[in-house]
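Colleague: Position 154, counted from 1, in the sequence shown is what full-length UniProt numbering calls 154; the numbers after and before it change by one each time, with no gaps. Below: one structure in structure tokens.
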Amino acid sequence: MASIPRRFTGDTLVIASHNKGKVREIADLLGPYVRTFTTAGELGLPEPEETGTTFIANAELKARAAAAAGHVAMADDSGLVVPALGGDPGIYSARWAGPEKDFAMAMRKVEEGLAGKTDRSACFVCALTLAWPDGHVESVEGRCSGTLVWPPRGDKGFGYDPMFVPDGFDITFGEMEPARKHEMSHRADAFRQLVDRCFR
């Protein structure tokens with residue numbers, strides 16, 4: 001029998017990320033349900049090494065590390081999965097950008113890998129985990145499918161957004177207004193699931 005999901009009942013939620021773009025999106029999406037946000041960066045928490053082999057395993061690892069500070073913490077692990085590249089960059093999406101977080105370089109690496117390939121399909125995956133200081137976790141995973149374009153277009157998103165056109169659209173996430181992206185992205189899909197599970 002499935003266990004009953006645990007609800008978030010506190011005032012403060014720690015966003016276990018040092019990525020300002022990601023923190024902004026998460027705060028926008030959870031704003032109606034959480035009174036106060038803080039971040040792992042603001043609390044001076046180190047970024048744990050992502051040793052998991054799945055998006056959910058890495059999200060849980062990061063959320064548990066941040067929850068050790070004493071508040072419920074939420075972490076996301078997300079990335080771009082490209083079938084023609086054997087699923088890469090996948091859980092290594094951020095690492096492809098290197099220590100300088102150079103996503104222009106990471107996008108070029110994806111494009112170089114696709115040279116001569118006809119399949120340009122891709123999907124963004126987002127795993128979200130809420131972790132409590134007592135070790136309890138709740139995790140969900142969302143997806144958004146699309147096609148990769150070159151050259152990159154738009155400056156509204158972050159990461160691989162400028163080369164990803166979601167199914168049913170002719171503009172990239174990088175060209176899309178944030179409010180529109182929030183309605184249908186992989187992160188939005190995961191947040192809908194998490195809100196239904198833990199915040200309603």
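Note that the Cβ used here is the ideal one computed from N, Cα and C, for glycine as well.
Within 10 angstroms of its Cβ, does Glu183 collect 16 or more other Cβ (buried), or is it exposed?
Modeller: As a working mapping, residue 183 is identified with position 183 in the sequence shown. Exposed, since its Cβ has fewer than 16 Cβ neighbours within 10 Å.
Colleague: Please list the terminal residues of the continuous alpha helix (DSSP H) segment that includes Met107.
Modeller: Mapped onto the sequence shown, residue 107 falls at position 107. Segment 103 to 113, the alpha helix (DSSP H) holding Met107.
Colleague: Look at Thr12 and Thr38 and say whether their C-beta atoms are less than 8 Å apart.
Modeller: On the sequence shown, position 12 is the one that residue 12 refers to. On the sequence shown, position 38 is the one that residue 38 refers to. It is a contact, given that the beta carbons lie within the stated cut-off.
Colleague: Sort out for me which residues DSSP pairs Glu138 with in a bridge.
Modeller: The count along the sequence shown starts at 1 and reaches residue 138 at position 138. Answer is Leu130, bridged to Glu138.
Colleague: Spatial neighbours of Ala69 within its chain, please: CB distance less than 7 Å, with the 5 preceding and 5 following residues excluded, ordered by chain position.
Modeller: Within the sequence shown, residue 69 is the residue found at index 69, counting from 1. Result list for Ala69: Val14, Leu43, Leu45, in chain order.
Colleague: Measuring CB to CB, does Gly174 end up less than 8 Å from Pro151?
Modeller: By 1-based counting over the sequence shown, the position of residue 174 is 174. By 1-based counting over the sequence shown, the position of residue 151 is 151. Cβ atoms of Gly174 and Pro151: not closer than 8 Å.
Colleague: Who are Val125's beta bridge partners in DSSP?
Modeller: Position 125 of the sequence shown, counted from the start, is the residue given in the question as residue 125. Answer by DSSP bridge pairing, in chain order: Gly79, Arg143.
Colleague: If you compare alpha carbons, which of Thr36, Gly146, Ser93, Ala73 is closest to Glu50?
Modeller: On the sequence shown, position 50 is the one that residue 50 refers to. Measuring from the Cα of Glu50, the nearest candidate turns out to be Ser93.
Colleague: Could you work out which residue in Phe158, Leu194, Gln193 is closest to Glu177 when comparing CA atoms only?
Modeller: Position 177 of the sequence shown, counted from the first residue, corresponds to residue 177. Out of Phe158, Leu194, Gln193, Phe158 has the C-alpha closest to the C-alpha of Glu177.
Colleague: DSSP state of Met163, grouped into three classes?
Modeller: In the sequence shown, residue 163 corresponds to position 163, counting from 1. If DSSP states are grouped into helix, strand and coil, Met163 belongs with the helices.
Colleague: To the nearest angstrom, how far is the alpha carbon of Ala57 from that of Met107?
Modeller: Counting from one through the sequence shown, the residue named residue 57 turns up at place 57. Counting from one through the sequence shown, the residue named residue 107 turns up at place 107. The straight-line gap from Cα to Cα measures roughly 25 Å.
Colleague: Could you tell me the distance, in whole angstroms, from the CA atom of Gly31 to the CA atom of Pro166?
Modeller: Counting from one through the sequence shown, the residue named residue 31 turns up at place 31. Counting from one through the sequence shown, the residue named residue 166 turns up at place 166. Roughly 25 Å separates the two Cα atoms.
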